[in-house]
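Have a look at this one:
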């Protein structure tokens, strides 16, 4: 476990050392602000661990790791505008604290900063890294678009939903691992394995997020319990409920959307979901993806110890719900 | 002149051949729409001409040229949101035709597509190209932020303004030439020269844009005459007027801002500007930058003919006002 603390400290120092010009203040102040809001730094950690797995020091993977983290933060700044989210990690979002224009533009410049960070890598790896990064960035945009599209669609299937979260959140985790492996000069098979590990882990993790929103202990999750339910948000839970409901239960689902008493809304949702065994079904699906991730990890053909990556895997897996 | 037509046709075909996936439609339809709105294609043309100057075929500079054009279009899509512009080249802007969220996200994905295009270049040049592209993209964002900041500032000097247009519009023209020269394996001195040529040309061109808005023949310019005046926009003209006005004239300038009759507003502006010799002063400054550009062109140390780049220079210079 100690390496997690060590890598985290390393990343926090590196992120703190990313300095922006002082002017134009409206462009750069939001970036210094947003980058220090914290977060799990799960993605850059993935790059460091993947590099380590293939025998590369964290000094040599840090630029790729930071590029992933900067890209992630760029996408959050823009997503927050689109989702009209007032808070992120308990603090005001950029568009809330400043305004939409500033959030658009400082997001854009952060996106370039991510590429600038990526370009610091050895030219030997730059072509491959750039290919991976571009492909992933495009997929993340596609995922965000699908997510917005889904809010206006009534017929989102489980497969649609999984594909959306794969694009919106999981491919970036896959790419984070992949980039460490590219710098580690891993074989094509191993690169595919570790990418697939990251993507499946990411999907499982996102499903777990949906679960935790309703079934997590809210003090551990750090969010309002049932926030997704109260916002009538489409999640894997609501999709599973809908696809398993009979006509009467479908009516109840629709009726719950209009319930104005928050406590009652959560209670009625939990009652119906219990009846439909939504939580159990969801856990089954989540575990399917954790198992796929585990399989990809087993398939990795290397002599080095897999201990660190297994540790990360278990930490992510064991969040409580 | 024939090479201009040839290069233009080449670029139009190449741009038409950039195909986007069919889904998510809300992400990609705006891009196909926006890219075919036209435009002068001045920037990609600059890359082709610079490559040609250093002995490289347009086939070998086209990816860099297209990357510049895609980036330019990305920045227009986002700028149009920020400026709340309903029209671009006489057609609806993306945020107007779809909505702000779609314009943010399809702009983002177009930005990645620009990098994807850039990454198609020979790996030999990729490091240098990427460095130039990133630096420029950051400056363009800074310029847009300064432009927005200036609208709320009362003390914008001529130097401030020139610096803003340099960043917002001119460095991209400089970079477009530079990228052709990089692929042409030009010397560092020649790269600096052609970059400086492009930047100064871009500044002069932008000053000319401000001039044409008020003094151009509106049927040639294709915009409403005096649109900047009617919108109380800060331009080099308004800045020159303000810095040369006495107290009474400053009062008249402020009073004109509140004039509600459009024809009277233009008339009063023209009368005051004539008195202050704003047009003449502006032409002097513009020519200063055209001369700087000309000097950089003369300083280019090459054996190949400078005819084509001179032709482009003259075409851009001779727009009427």
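Chains as they are written, first to last, in the numbering used here: chain A, 12 to 332; chain B, 12 to 332. Just so it is clear, CB atoms sit at the ideal spot from N, CA and C, and this is done for glycine as well. Source: prediction; values computed, not measured.
- Contact with chain A is absent for residue 297/B, since none of that chain's Cβ atoms lies less than 8 Å from the residue's Cβ.
- Residue 22/A places its beta carbon less than 8 Å from that of residue 55/A.
- Taking the Cα of residue 249/B as reference, the smallest distance to any Cα among 187/B, 317/B, 271/B, 285/B is reached at 285/B.
- Taking 8 Å as the cut-off, the Cβ atoms of residue 175/A and residue 161/A count as close.
- Per the Cβ contact rule, the segment 32-45 of chain A is not in contact with the segment 166-186 of chain A (fewer than 3 Cβ pairs under 8 Å).
- Under the three-state reduction of DSSP output, residue 177/A falls in the helix class.
- Here residue 305/B has 324 as same chain residues with Cβ atoms under 8 Å from its own Cβ, once five neighbours each way along the sequence are excluded.
- Only 35, 37, 38 from the segment 31-48 of chain A bring a Cβ to less than 7 Å from some Cβ of chain B.
- Taking the Cα of residue 159/B as reference, the smallest distance to any Cα among 259/A, 116/A, 27/A, 32/A is reached at 116/A.
- Within chain A, 89, 92, 93, 115 have C-beta atoms less than 7 Å from the C-beta of residue 115/B, given in sequence order.
- Annotation: the continuous alpha helix (DSSP H) that includes residue 276/A extends over 273-286.
- Chain A has a Cβ within less than 8 Å of the Cβ of residue 112/B.
- At a beta-carbon threshold of 7 Å, the residues of chain B lying near residue 156/A are 35, 37, 38, 116, ordered along the chain.
- Exclusion of the five residues before and after residue 124/B leaves 81 as the residues of its chain whose Cβ lies within less than 6 Å of its Cβ.
- In this structure, residue 308/A keeps its C-beta atom at 8 Å or more from the C-beta atom of residue 296/A.
- Short of 7 Å from the beta carbon of residue 118/B, and not among the five residues preceding or following it, lie these beta carbons of its own chain, in chain order: 85, 88, 89.
- Listed along the chain, the chain A residues whose CB falls inside 8 Å of the CB of residue 138/B are 130, 134, 137.
- About 5 Å separates the CB atoms of residue 134/B and residue 138/A; that is less than 8 Å, so the two are in contact.
- By the C-beta criterion, the segment 217-224 of chain A is judged to be in contact with the segment 243-257 of chain A, since at least 3 inter-stretch pairs fall below 8 Å.
- Per the coordinates, the alpha-carbon of residue 287/B lies some 14 Å from the alpha-carbon of residue 278/B.
- In this structure, the alpha-carbon of residue 268/A lies about 26 Å from that of residue 113/B.
- Taking 8 Å as the cut-off, the beta carbon of residue 79/B is found no closer than this to the beta carbon of residue 91/B.
- In the three-state scheme derived from DSSP, where H, G and I count as helix and E and B as strand, residue 223/B is classed as helix.
- Residues of chain B with a Cβ closer than 8 Å to the Cβ of residue 267/A do not exist, since the nearest Cβ in that chain sits about 27 Å away.
- For residue 102/A, the beta-bridge partners assigned by DSSP are 99/A.
- In this structure, DSSP gives residue 311/B a state outside helix and strand, which the three-state scheme calls coil.
- Per DSSP, the unbroken alpha helix (DSSP H) holding residue 150/B starts and ends at 134-162.
- DSSP places residue 121/A in the uninterrupted alpha helix (DSSP H) bounded by 111-129.
- When C-alpha distances from residue 209/A are compared across 329/A, 177/A, 198/A, 224/A, the shortest belongs to 177/A.
- For residue 79/B, the enclosing alpha helix (DSSP H) starts and ends at 69-93.
- Against chain B, the beta carbon of residue 145/A has neighbours under 7 Å at 123, 126, 127, 130, listed in chain order.
- Under the criterion of beta carbons closer than 8 Å, residue 237/A and residue 224/A qualify as touching, at roughly 7 Å.
- A Cβ of chain A is located within less than 8 Å of the beta carbon of residue 120/B.
- Around the beta carbon of residue 16/B, fewer than 16 other beta carbons lie within 10 angstroms, which makes this residue exposed.
- Looking at the backbone, the Cα of residue 261/B and that of residue 243/B are separated by about 14 Å.
- In the three-state scheme derived from DSSP, where H, G and I count as helix and E and B as strand, residue 265/B is classed as helix.
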